[in-house]
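Below is one structure; the comments refer to it alone.
Chains as they are written, first to last, in the numbering used here: chain U, -5 to 332; chain E, 962 to 1553.
Structure, rendered in structure tokens:
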């Protein structure tokens, strides 16, 4: 089992953007002679369809949606888009300045159908760069936001391996003391790896099996979770077992805080555990399964929004009831069918 | 990997599926939703191996590939090589060598393997080992699990780095481990590991040297028994080495040796053990049930079943752990338990099919070799003979292209000359039997005659009675002896529907020969439990109503006492039942 589990999501998103860049620069893309913005957008949509690794792959379409939104923003006629609240960082401001400078270089109107190839590349390539930057720098922003929520000498509960949570804990350790309890999942063996990684940096770590969750939850102050996908209704998709933890946390009034990069926002709705799910081999859960005594393996657990207290993303902090606002900024409604 | 060939040995050289493999080779067996060989080609193309060589022995494979049209993104290049006059897999490999297509490495696959092992790591390990030592010629892929079948029971003795030191069959009485090179010193880690939780998967990655050595040693017939054994036992002379690749626990494979492993593999495929090679998601209903056809609301389908496309399942059908192919029609009230039905099968109402494999094109109607069985809740069920799981007789292979489109198995009325032959046979049999054990042989003889010539019970009873009554003498003792001798035979063949002709034949005999008394026959029949009380009383009442018959009147008079005796018995039985209270509680078996 590979040790870096959360990494592949980011990895696949970044790889797909890089392939798009390679296609455009290597002129492999099948784009008509005088391409307009719409042609580029349809090409990107087709590419995301082709690179997608199955119906449960959310991360590649997410990043392409973000790219299309950035392209639209960059080439819109009025280059001004309002900065919503103070917490949005100055990056957005930097973007407007960048765009204005680009526009001042060119002489022909942008965003119209008669733009030449080079100009389109001037819009698209910078937007690709911006998206890549967002992907790589997401954990810094999360760390700054999240550090305001934790106090000294708190007991935090973590579940299985998550790179985002790991980065946050390592950066928060510099300023305050706390104790971490790592809960191991029944199906994967990454809890131990997580505990050793944290222990290398002299953190106070305890590793417990999953069956201990009920006993431990009474003594925990906060729960920190990584995530696989954030849905538009505020729900979560995560490693199997998360739902049980969230239900327990609500029972004991422990707040559940979710850390993630914004590339995990997926504009879809789920209703129950089976909407975005797939049955895998029983041998993954229990290697001694036979036909008569079988385990059932699933890919995701869906957690409804009632069980979550706060989402911390690199674009800001939101409650599950209000995270839809972020979707409308981050993506465009027209692109939700990728 | 443009030079990497996959070689499929598309036929088996054993007799396990003997009746079926006379017509269709094992690779063309349907496996849940597709043929076995299609599953293998799909697996190979997902692992990026596009050049396939199929070694075949049966012409049907060539026909199949000539007519094969599969739309898809990748097209595989498939070559067919004929190995018609080969008697073992060794011969097949020699034939392959003589064609000279294979230059370097190739993958050898048996034709009955279903698997989800990912070949990327396997091939990498093979190439690494080739770089280390040119003498590593064979990489055998095994997976971890519990050894279930006799063909899988082997003991693997491994050295460091998974090199195979010895492979022994666990079915022998003694297991000898080549101890020459094993030295144990205290405190040192032991160099050899003995494992019995490995199962070979039928996938081998070989070098061209393997083919060469098959060519050199002409007596090699099998890969495992001969070649690998030879290489491992003579490892001090030879330098060739064989290694194992042990796959992670998620990746399994299953070989289809015989009927039980066939059924097991189908159920594993349905339960998603070979993820990501599973039946299509759009057919998934519930706990591992896949419905691609129409199923009526009132029928009960258990877990782990598959209903093929265009199949019509009528009401009140119970299906348990079975696989039904395409275009089948199941009538009302059928029960199908632990069976595999192929395509285009029509099953009539109220038939039980249990532990069987039924090949394409059958029509199963109500009168195949059936016995009429009545159960307490008054349901007449015609039961197909249920077979043991490993029995050779468990296969009914009626291929539709042999007979003219549909082969209906009805009972035929025997013709006149058949009747005559039966009577002669019966006379022979009766005349020769003097002891009880000979009577038992006679029962089996008559059974085979009945089955072979499809004769009804009635005719047998009539013929037998004719022969039997000929041997009697007008003496009470001889009657008693004769009945005592033939009791089992008569009970076997005279059941409730044949009592009429049984009594009729005795009656006609007694009418013709006045020395015999019908009454005595009836009493003896009752004593040996051939006839029940009610039947005799009915018959006596019936005889009483016949007018103008001297014989009948005599009979009625002489049997008066017997009749009263029987009536008393019936009264006693009724009284006993009433005393027991409410009697039995009749359950109706309630399905959920």
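Glycine included, every Cβ here is placed at the ideal spot set by N, Cα and C.
Within the 8 angstroms Cβ cut-off, does residue i reach chain U?
i                      : result
residue 1086 (chain E) : no
residue 1232 (chain E) : yes
residue 1440 (chain E) : no
residue 1228 (chain E) : yes
residue 1210 (chain E) : yes
residue 1236 (chain E) : yes
residue 1008 (chain E) : no
residue 1102 (chain E) : no
residue 1213 (chain E) : yes
residue 1329 (chain E) : Interpretation of residue 1329 (chain E) is limited by its pLDDT of 48, a score under 50 that renders its predicted location unreliable; the figure taken from the coordinates is listed afterwards. No, residue 1329 (chain E) does not count as interfacial toward chain U.
residue 1225 (chain E) : yes
Which of the three DSSP states, helix, strand or coil, is assigned to residue i?
i                      : result
residue 934 (chain E)  : Outside the shown range of chain E, which is 962 to 1553, sits residue 934 (chain E), and nothing can be said about it.
residue 1339 (chain E) : Any answer about residue 1339 (chain E) is weak, because its pLDDT of 28 lies below 50 and its placement is not dependable; what the coordinates show is given next. The answer is coil: DSSP assigns residue 1339 (chain E) none of H, G, I, E or B.
residue 138 (chain U)  : helix
residue 1315 (chain E) : strand
residue 1252 (chain E) : strand
residue 1604 (chain E) : With chain E represented from 962 up to 1553, any question about residue 1604 (chain E) goes unanswered, as that position is not in the structure.
residue 1307 (chain E) : strand
residue 1167 (chain E) : strand
residue 1059 (chain E) : helix
residue 1557 (chain E) : As shown, chain E starts at 962 and ends at 1553. That puts residue 1557 (chain E) outside it, with no answer to give.
residue 1330 (chain E) : Caution is warranted here: a pLDDT of 46 is assigned to residue 1330 (chain E), below 50, making its placement in the model unreliable, and the coordinate value is therefore given only provisionally. Coil.
residue 1116 (chain E) : strand
residue 1512 (chain E) : helix
residue 1204 (chain E) : strand
residue 1084 (chain E) : helix
residue 1500 (chain E) : helix
residue 1554 (chain E) : Chain E is shown from 962 up to 1553; residue 1554 (chain E) falls before or after that span and cannot be answered.
Given that a residue counts as buried once 16 or more other Cβ atoms are within 10 Å of its Cβ, and exposed if not, what is residue i?
i                      : result
residue 128 (chain U)  : buried
residue 1018 (chain E) : buried
residue 1175 (chain E) : buried
residue 59 (chain U)   : buried
residue 958 (chain E)  : Because chain E spans 962 through 1553 in this model, residue 958 (chain E) falls outside it and cannot be assessed.
residue 1030 (chain E) : exposed
residue 1168 (chain E) : buried
residue 223 (chain U)  : buried
residue 1536 (chain E) : exposed
residue 158 (chain U)  : buried
residue 1032 (chain E) : exposed
residue 1038 (chain E) : exposed
residue 1226 (chain E) : buried
residue 978 (chain E)  : buried
residue 275 (chain U)  : buried
residue 1413 (chain E) : exposed
My guess is that residue i and residue j are in contact by the Cβ rule of under 8 angstroms, so how many angstroms apart are they, rounded?
i                      : j                      : result
residue 1263 (chain E) : residue 1276 (chain E) : Actually they do not touch by this definition, with Cβ atoms about 17 angstroms apart.
residue 1497 (chain E) : residue 1487 (chain E) : 6 angstroms
residue 1282 (chain E) : residue 1258 (chain E) : The Cβ separation is near 21 angstroms, so there is no contact.
residue 1116 (chain E) : residue 1155 (chain E) : 6 angstroms
residue 1468 (chain E) : residue 1422 (chain E) : With 8 angstroms as the limit, residue 1468 (chain E) and residue 1422 (chain E) do not qualify as a contact, their Cβ atoms being about 14 angstroms apart.
residue 1287 (chain E) : residue 1307 (chain E) : At roughly 13 angstroms, the Cβ-Cβ gap does not stay under 8 angstroms, so residue 1287 (chain E) and residue 1307 (chain E) are not in contact.
residue 1216 (chain E) : residue 1163 (chain E) : 5 angstroms
Taking only beta-carbon atoms, is residue i less than 8 angstroms away from chain E?
i                     : result
residue 277 (chain U) : yes
residue 285 (chain U) : yes
residue 273 (chain U) : yes
residue 281 (chain U) : yes
residue 288 (chain U) : yes
Quiz item: Any contact of the segment 150 to 164 of chain U with the segment 175 to 182 of chain U, i.e. 3+ C-beta pairs under 8 angstroms?
Solution: yes
Quiz prompt | Touch test, the segment 966 to 973 of chain E against the segment 1195 to 1214 of chain E, Cβ-Cβ under 8 angstroms, three pairs minimum | solution = no
Practice problem: Report yes or no: do the segment 1080 to 1093 of chain E and the segment 983 to 997 of chain E share at least 3 C-beta pairs separated by less than 8 angstroms? | Solution: no
Quiz item: Is the segment 246 to 264 of chain U close to the segment 1180 to 1193 of chain E, with three or more CB pairs under 8 angstroms?
Solution: no
Quiz item: So does the segment 1240 to 1254 of chain E actually touch the segment 1300 to 1313 of chain E, counting three or more Cβ pairs closer than 8 angstroms?
Solution: no
Quiz item: With a cut-off of 8 angstroms, do at least 3 Cβ pairs link the segment 305 to 314 of chain U to the segment 127 to 145 of chain U?
Solution: yes
Self-check item: At least 3 beta-carbon pairs within less than 8 angstroms: the segment 318 to 328 of chain U vs the segment 233 to 244 of chain U
Solution: no
Exercise. Spell out a yes or no on whether the segment 1237 to 1252 of chain E and the segment 990 to 1001 of chain E are touching, meaning 3 or more CB-CB pairs, one atom from each, closer than 8 angstroms.
Key: yes
Practice problem: For the segment 6 to 17 of chain U and the segment 37 to 57 of chain U, state whether three or more C-beta atom pairs, one from each stretch, are separated by less than 8 angstroms. | Solution: yes
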